[in-house]
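Worksheet for the structure shown next.
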Amino acid sequence: MNPMMMELLPLVHEGYCCSQLLMLLMLQARDQENPDLVRAVHGLCHGIGQSDGPCGLLTGGACTLALVAGKGAATETPHAMLTPLLNDYATWFYERTNAYGGQSCSQIAAGLGATSGAPGEAPNPVACGDLLAECWEKIIELVQSYDLDIMPAS
111 MNPMMMELLP
121 LVHEGYCCSQ
131 LLMLLMLQAR
141 DQENPDLVRA
151 VHGLCHGIGQ
161 SDGPCGLLTG
171 GACTLALVAG
181 KGAATETPHA
191 MLTPLLNDYA
201 TWFYERTNAY
211 GGQSCSQIAA
221 GLGATSGAPG
231 EAPNPVACGD
241 LLAECWEKII
251 ELVQSYDLDI
261 MPAS
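Heads up: the sequence shown begins at 111 in my numbering, then just goes up one per residue.
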């Protein structure tokens, strides 16, 4: 198990899913708390409510990057490279998960051994932990390569 998962395990036991865990990591890096934002990305959990939608590590990762580079108020402008930033993350994710047959939560979870294959089964987040750690590392790499300030503007 990736050492990061040891840190996140208490949050997993509290019921947070992969998209929420990525957001919690970013909020922690920014020295912030935002329960409303964490609650909002809950909508991305388990492929958007086990609808066979995209993995929350893809969608939650995009939201996490947008927290740093996106527009959040009328007086703000998004980072000029927001679209390429998100595209770089998605392209990396597609390449990383291609072996699982696609980017849906169920395809990735099955490929990682995070489900037994039963219909409607929520994936075991611990089994997805190494991929979560890789996603977080990629997010940090992208933040650095795009020269983004992870801390909120004051």
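Don't be surprised by glycine CBs; every beta carbon is placed ideally from N, CA and C.
The structure presented is a predicted model; accordingly, all values stated were derived computationally and were not measured.
By the neighbour-count criterion, in which a residue is buried when 16 or more other Cβ atoms sit within 10 angstroms of its Cβ, residue 142 is exposed. For residue 205, the enclosing alpha helix (DSSP H) covers residues 192-207.
Per DSSP, the unbroken alpha helix (DSSP H) holding residue 255 starts and ends at 239-255.
Around the Cβ of residue 226, a 10 Å sphere holds fewer than 16 other Cβ atoms; the residue is exposed.
Residue 146 and residue 233 have their C-alpha atoms roughly 24 angstroms apart. Excluding the 5 residues flanking it on each side, residue 261 has same chain C-beta neighbours closer than 8 angstroms at 140, 141, in chain order.
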